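K.L.:
Sending over a structure as C-alpha cells; questions will come in a sec.
4 protein chains.
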Amino acid sequence: MPRKPNTDCRRAEIITALQAVIARQGYEKASIQAIAKEAGLAPGLIHYHFKNKQEILVLLVRKLADYGQQRFEQIAAQAGSPEARLHAYLEARLGLGEGAAPDAVAAWVMIGAEAVRQKEVRDIYQQAVAQELLLLTALLGECLIAQGSDAGKAAELAAGLLAMMAGAYQLSSSAGSVMPVGYAAHAAKTYARLYLDAVPTA
Amino acid sequence: MPRKPNTDCRRAEIITALQAVIARQGYEKASIQAIAKEAGLAPGLIHYHFKNKQEILVLLVRKLADYGQQRFEQIAAQAGSPEARLHAYLEARLGLGEGAAPDAVAAWVMIGAEAVRQKEVRDIYQQAVAQELLLLTALLGECLIAQGSDAGKAAELAAGLLAMMAGAYQLSSSAGSVMPVGYAAHAAKTYARLYLDAVPTA
Amino acid sequence: MPRKPNTDCRRAEIITALQAVIARQGYEKASIQAIAKEAGLAPGLIHYHFKNKQEILVLLVRKLADYGQQRFEQIAAQAGSPEARLHAYLEARLGLGEGAAPDAVAAWVMIGAEAVRQKEVRDIYQQAVAQELLLLTALLGECLIAQGSDAGKAAELAAGLLAMMAGAYQLSSSAGSVMPVGYAAHAAKTYARLYLDAVPTA
Amino acid sequence: MPRKPNTDCRRAEIITALQAVIARQGYEKASIQAIAKEAGLAPGLIHYHFKNKQEILVLLVRKLADYGQQRFEQIAAQAGSPEARLHAYLEARLGLGEGAAPDAVAAWVMIGAEAVRQKEVRDIYQQAVAQELLLLTALLGECLIAQGSDAGKAAELAAGLLAMMAGAYQLSSSAGSVMPVGYAAHAAKTYARLYLDAVPTA
DNA sequence: AATGAATGAGAGTTCATTCAT
DNA sequence: AATGAATGAACTCTCATTCAT
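Residue numbers (numbering that gives the first Met the number 0), protein chains in the order written: chain D, 0 to 201; chain L, 0 to 201; chain G, 0 to 201; chain X, 0 to 201.
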C-alpha cells in the first residue's frame, strides 16, 4: 500500500512561501534557502517538488491571477449596475479597504518587475495581463451599453486604466513615499467617470 | 611626459555600456564583467573609474533623467500655450515619434523594475520620480491657471498621470504584445484634457 | 531517510584547519580557499557552516583561550599554594615542556599580530586579553594575600607580566633566533618573585 | 647636462608616507595607492623608485631602527650614571613624555606584527631586535658593574625587558583599552630596579 | 518524501604591478 | 622623472542545484 502522496499540498506550501518572501523581502532575496526557511522545509525538498526556481514563480503568478479573478467575481456578483461593478473592480484592485491583501499586491508588483527581467516570467505575466484587459474591457463595455453608447471605445479606456493601475502598483513599491496617499483608486475612478461621460450617447 | 587623463570619456563609455547591457539583457545580467565586455575594457578598470556598481547606476539614472528633460525642453520650446507644453511633455515621454530612443526607455523600465527589488536602486529611482512629479505638477498648474482655475488640483492629476506613464512603460516591456499599439500617449492626453475641463473655472 | 547532521564536527574541522594554516603560513595566507584546501573541503562549504570568515576566527580564538585555560587548570590542580599556582600558570603559558602545543602558540601570535592590523580581529583579541588579565590579577592577588600583603598591587604586576608574555610570544615568532633560549618562563617567574617579595607585608 | 636626480629625496618621501599611512590606518590599508596619495605622488611613480612594496617597508624598518638608536644616544649623552642612562633609555622607549613620536611607535608596532607574517620583514626586524638587545645588554652591564656586580646577568635581564617592551608595544595597539594607563614604563623600571638589586655584589 | 551537506560558478571588489605617454 | 590608465589575479561571499543518506 503506497503512502499517500502529499505533493500537491507541499507544492502549495512552497508557492505560498515564495509569495510571502517576495512580498516581505523582494524577489532578489527570495533564494531557495529563504523560501525553504519560510516554508519550514529543507532546501533540498524544494527541488524535489519543483524542477527549478522558475517553476515556482510561474505557478505563483497563476495563483495570483486566479485569486484576482475570483475576488472580482465575488464582488461583481453583488453589484447591481455595470458602473457599480466597475467601481467594485477598481476598489478591489486599487483600494485600501478590507480584503486588500497587501501580501498579494506586493508579490504581484515584484512579479511585474521580474517580468521585465525574465522572459519566462514575462510570458506568464502577459497572459495574466491579457486576461485582465479582457475583463476590464468587458466591464467598461457594459457601462457604455448601459448608458446607450457604443461599446467600441471600451478597449481604449481599458488600456489606459490598466496602465494606470500597473503604474500605481509599481510606484507604490518603488517610489511610494513620494506619491500622494491613496490617490490611485480615486484617480482611476475619476478617469473612468470622465471618459464614460464624454462618450456620446446614441 | 604625463599621460593625458581620459577619465571623463571612459566614465561616459562605461555608463553607456551599462545602459546598453541593461536595455538588452536587463539589470540582472548587467554584471561588472558584462559591462566591461560591452565597453571593451578590463573588469578591473571599471572599479578604477567608479567606486562601485551603484555609482554607475546613479549616473545612468541621472543621464536618462537629463535626457528626458532635454527632450521635453526641445519640444516645449516651440509650444505657445501651457496646454501645448503639456502635450509636448506627454509626447516626449510616451510618444513613438522621432527621437523616441527605445534604448533609453528600455533602460528606464529596467531600472524602475529594479527599484522594486533593491533598496539602493529604489533610493535613486525615487529621486527621479519626485523630480518628475514636480515638473508635471508645475505643467498642469500652468494649464489650470491659464483657464482661470485653481491650481490646487494639479497635484492630484499629476499623480494619476505619472502612474499611467509608469504603467505604460512597464507594460511596454513586460506585456507589450497584448496592449493596443500606441495607446499610451493618446490615453494620457485624453485623461488630462477631460480632467482639466472638469475643473471649475473661477 | 534524513541525513545525519555533521555540522558540529565540520565546524571543528574548519576551525582546526584555520589554526593549522595560520600557524604554518600566517593569517594573511589564511584565505577561505586555503582553509578549504587544508580541510579538504569545497570553498563554498565553509560559508555553509560559517556566516563569514570572521566567525571562524572568533571561534578559533575562543578555542585557543579555552585550551590555555585548560592547560593551566590541569597544572594548577596539583599546585598546593598560590605561588605554586602562579608558577603553574607561567609554565603553562611560557614553558617549553610537554603539551607546549607550538601550533597553538604560533596561531595565537599570528592572531595577536593581526589584531594590530584589523579592527575586527582586534575586538576579538581584546576580549581574550582582558580575560587573561583578570585571571592573572586574581592569581597574583592570592599570592599577595597569602603572604599577608595588600592585594591592590596585583593589577600593576599583572599588566607588566602580561606585557612580558605577549612580547615573548611575539618575539618568539618574529625574532626567535636572536633571543636567548627559554628565557621567557624564567624571566617572568623572577619578575613575579622579586615583585611579590618587595611588596610590604601587613 | 643631465637633470639632477631627485631619487633620494623621492624615496625618502615615499618611506615617510608609508610610515604615516601605517601609523594611521595599519599596514593592511597601506596600499600603493594609499601611499601615493599620502605622498602626493602618482601610483606609478612608487614603482619607478622602488622595485616593490616590500622594499619600501624594509627601508622604513631601517629608518625607524636608526631613529631609535639616535634618540637614545641623544638622551644617553646627558646622563651621568649608568642607571640614569638606563632610565633614560626606558623612558625614551616606553614613556609618554616629550619626543614620544607616537607615529614612529605605531609604525614600529605594525612592523613587528608584520614580521610575524612575512619572512622578508622578519629578517630585517630581527636585525633591529638584535641590535636593541645588544644595546640594552650593554646598558644593564654598566649598571651591574657600577654596583660592583658581575655583568653576566645582564643578558638575561635584557631579554626579559625587551620582551616586556615588545609586549607593551603590541598590546598598546592591539588591546590598549583593556590595559592600565601608562603602566609600561613604570613596570619596566621596577623590574630592572628589583632585578639589579637582587644581583649579589662582589 | 525528506534531510541537510556539498558543489561550483559567479557576483562585486581590491590591489600590486605594468605600461603607454 | 612622472603620470595615470590599465591589467589580471586574488579576495570574500551567495546561491541554484545536486547528492548521499
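Where a beta carbon is used, it is the ideal one built from N, C-alpha and C, also for glycine.
For clarity, every value in this text was computed on a predicted model and none was experimentally measured.
For the 8 Å Cβ check, are there 3 or more pairs between the segment 41-48 of chain X and the segment 121-133 of chain X?
P.N.:
Verdict: no, contact absent.
K.L.:
For residue 2 (chain L), count the other beta carbons within 10 Å of its own beta carbon; 16 or more makes it buried, fewer makes it exposed. Which is it?
P.N.:
Locating residue 2 (chain L) in the second sequence gives position 3, counting from the first residue. Burial call: exposed.
K.L.:
Measure the alpha-carbon distance for residue 150 (chain D) versus residue 140 (chain D) and round it to whole angstroms.
P.N.:
One-based indexing of the first sequence puts residue 150 (chain D) at position 151. One-based indexing of the first sequence puts residue 140 (chain D) at position 141. Whole-angstrom Cα-Cα distance: 5 Å.
K.L.:
Any heavy atom of the ligand GTP closer than 7 Å to the CB of residue 88 (chain G)?
P.N.:
As for the ligand GTP, it is missing from this structure, which has no ligand bound.
K.L.:
Excluding sequence positions up to five away, which residues of its chain have a Cβ less than 7 Å from the Cβ of residue 62 (chain G)?
P.N.:
What you label residue 62 (chain G) is simply residue 63 of the third sequence in a count that begins at 1. 14.
K.L.:
Residues of chain L with CB closer than 9 Å to the CB of residue 155 (chain D), please, in chain order.
P.N.:
As a working note, residue 155 (chain D) is residue 156 in the first sequence. Within chain L, the residues near residue 155 (chain D) are 179, 182, 185, 186 and 189.
K.L.:
Could you give the distance in angstroms between the alpha-carbon of residue 190 (chain X) and the alpha-carbon of residue 166 (chain G)?
P.N.:
One-based indexing of the fourth sequence puts residue 190 (chain X) at position 191. One-based indexing of the third sequence puts residue 166 (chain G) at position 167. Residue 190 (chain X) and residue 166 (chain G): Cα-Cα distance of roughly 15 Å.
K.L.:
I'd like the list of long-range same chain contacts for residue 16 (chain D), defined as Cβ closer than 6 Å, with 5 residues on each side in sequence excluded.
P.N.:
Reading the first sequence from its first residue, position 17 is the one you call residue 16 (chain D). Cβ within range, chain order: 34, 37 and 38.
K.L.:
Please classify residue 172 (chain L) as buried or exposed, where buried requires at least 16 neighbouring CB atoms within 10 angstroms.
P.N.:
Translated into positions along the second sequence, residue 172 (chain L) becomes position 173. With 16 or more Cβ atoms within 10 Å of its Cβ, residue 172 (chain L) is classed as buried.
K.L.:
Closest Cβ-Cβ distance between residue 112 (chain X) and chain G: below 8 Å?
P.N.:
Position 113 of the fourth sequence, counted from the first residue, corresponds to residue 112 (chain X). At least one chain G Cβ lies under 8 Å of residue 112 (chain X).
K.L.:
At a cut of 8 Å, does the segment 111-122 of chain G reach the segment 169-183 of chain X through at least three beta carbon pairs?
P.N.:
Cβ pair count under 8 Å is three or more, so yes.
K.L.:
Using the beta-carbon of each residue, which ones in chain L are nearer than 9 Å to residue 67 (chain D)?
P.N.:
Residue mapping note: residue 67 (chain D) aligns to position 68 of the first sequence, counting from 1. Chain L residues near residue 67 (chain D): none, gap ~15 Å exceeds 9 Å.
K.L.:
Do residue 70 (chain L) and residue 91 (chain L) have their CB atoms nearer than 8 Å?
P.N.:
In the second sequence, the residue the question calls residue 70 (chain L) occupies position 71. In the second sequence, the residue the question calls residue 91 (chain L) occupies position 92. Taking 8 Å as the Cβ cut-off, residue 70 (chain L) and residue 91 (chain L) qualify as a contacting pair.
K.L.:
With the cut-off set at 8 Å, would you say residue 88 (chain L) and residue 106 (chain L) are in Cβ contact?
P.N.:
Indexing the second sequence from 1 puts residue 88 (chain L) at position 89. Indexing the second sequence from 1 puts residue 106 (chain L) at position 107. Against a cut-off of 8 Å, the Cβ pair of residue 106 (chain L) and residue 88 (chain L) comes out as no contact.
K.L.:
Would you list, in chain order, the members of the segment 15-28 of chain G that have their beta-carbon closer than 8 Å to a beta-carbon of chain X?
P.N.:
The residues in question are 25, 26 and 27.
K.L.:
Does chain D have any CB closer than 8 Å to the CB of residue 159 (chain L)?
P.N.:
The residue labelled residue 159 (chain L) in the question sits at position 160 within the second sequence. Closer than 8 Å: yes.
K.L.:
Starting from residue 152 (chain L), trace the alpha helix (DSSP H) in both directions and tell me its first and last residue.
P.N.:
To locate residue 152 (chain L), count along the second sequence from 1; it is residue 153. No alpha helix (DSSP H) contains residue 152 (chain L), which DSSP labels as neither H nor E.
K.L.:
If I measure Cβ to Cβ from residue 53 (chain G) and keep anything under 7 Å in the same chain, skipping five residues before and after, which residues do I get?
P.N.:
For the purposes of this step, residue 53 (chain G) is identified with residue 54 of the third sequence, where counting begins at 1. Contacts found: 119.
K.L.:
Buried or exposed, going by whether 16 or more other CB atoms sit within 10 Å of the CB of residue 159 (chain L)?
P.N.:
To locate residue 159 (chain L), count along the second sequence from 1; it is residue 160. By the neighbour-count rule (16 or more Cβ atoms within 10 Å), residue 159 (chain L) is buried.
K.L.:
Could you check where the alpha helix (DSSP H) with residue 178 (chain G) kicks off and where it finishes?
P.N.:
By one-based count along the third sequence, residue 178 (chain G) stands at place 179. Premise fails: residue 178 (chain G) is in no alpha helix (DSSP H) and is neither H nor E.
K.L.:
Check the Cβ of residue 30 (chain X) against every Cβ in chain G and list those closer than 8 Å, keeping chain order.
P.N.:
Position 31 of the fourth sequence, counting from 1, holds the residue named residue 30 (chain X). Those do not exist, as residue 30 (chain X) stays about 13 Å from chain G at its closest Cβ, beyond 8 Å.
K.L.:
Starting from residue 125 (chain L), find everything on chain D with Cβ-Cβ shorter than 9 Å and list it in chain order.
P.N.:
Start at 1 with the first residue of the second sequence, and residue 125 (chain L) comes out as number 126. Residues of chain D passing the Cβ test: 173, 174, 175, 176 and 177.
K.L.:
Name the one or two DSSP bridge partners that residue 6 (chain D) has.
P.N.:
In the first sequence, residue 6 (chain D) corresponds to position 7, counting from 1. Answer by DSSP bridge pairing: none, since residue 6 (chain D) is not bridged.
K.L.:
Can you tell which of G:164, G:196 and G:30 has its C-alpha closest to the C-alpha of residue 108 (chain G)?
P.N.:
Along the third sequence, read from residue 1 onward, the residue named residue 108 (chain G) stands at position 109. The shortest Cα separation from residue 108 (chain G) among G:164, G:196 and G:30 belongs to G:164.
K.L.:
To which residues of the same chain is residue 10 (chain L) closer than 8 Å at the C-beta, ignoring the five residues directly before and after it?
P.N.:
The residue labelled residue 10 (chain L) in the question sits at position 11 within the second sequence. Contacts found: 48, 49 and 58.
K.L.:
Are the beta-carbon atoms of residue 194 (chain X) and residue 135 (chain X) separated by less than 8 Å?
P.N.:
One-based indexing of the fourth sequence puts residue 194 (chain X) at position 195. One-based indexing of the fourth sequence puts residue 135 (chain X) at position 136. It is not a contact, given that the beta carbons lie outside the stated cut-off.
K.L.:
Tell me, please, whether the CB atom of residue 194 (chain X) is closer than 8 Å to any CB atom in chain G?
P.N.:
Taking the fourth sequence and counting its residues from 1, the one referred to as residue 194 (chain X) is at position 195. Judged by the 8 Å Cβ criterion, residue 194 (chain X) is in contact with chain G.
K.L.:
Going by DSSP in three states, residue 195 (chain X) sits in which element: helix, strand or coil?
P.N.:
Residue numbering aside, residue 195 (chain X) sits at position 196 when the fourth sequence is read from its first letter. In the structure shown, residue 195 (chain X) sits in a helix (DSSP, three-state: H, G or I).
K.L.:
Please report the Cβ distance between residue 56 (chain L) and residue 123 (chain L), rounded to the nearest whole angstrom; I am assuming they are in contact, meaning their Cβ atoms lie under 8 Å.
P.N.:
Position 57 of the second sequence holds residue 56 (chain L). Position 124 of the second sequence holds residue 123 (chain L). Yes, they are in contact, since the Cβ atoms of residue 56 (chain L) and residue 123 (chain L) sit about 7 Å apart, within 8 Å.
K.L.:
Does residue 72 (chain X) pass the burial test, meaning 16 or more other C-beta atoms within 10 Å, or should it be called exposed?
P.N.:
As a first step, residue 72 (chain X) is located in the fourth sequence; it is residue number 73 there, counting from the start. With fewer than 16 other Cβ atoms within 10 Å, it is exposed.
K.L.:
Can you name the residues that DSSP bridges to residue 200 (chain L)?
P.N.:
Translated into positions along the second sequence, residue 200 (chain L) becomes position 201. Answer is L:148.
K.L.:
Could you check what DSSP says for residue 77 (chain L) in three-state terms: helix, strand or coil?
P.N.:
Here residue 77 (chain L) refers to the residue found at position 78 of the second sequence. Of the three classes helix, strand and coil, the one that applies to residue 77 (chain L) here is coil, per DSSP.
K.L.:
Return the residues of the segment 33-67 of chain X that lie within a Cβ-Cβ distance of less than 7 Å from chain G, sorted by chain order.
P.N.:
Those would be none; no residue qualifies.
K.L.:
I think residue 81 (chain G) touches residue 145 (chain G), with their Cβ atoms under 8 Å apart; what is that distance to the nearest whole Å?
P.N.:
Mapped onto the third sequence, residue 81 (chain G) falls at position 82. Mapped onto the third sequence, residue 145 (chain G) falls at position 146. Going by Cβ atoms, the distance from residue 81 (chain G) to residue 145 (chain G) rounds to 5 Å, so yes, they are a contact pair.
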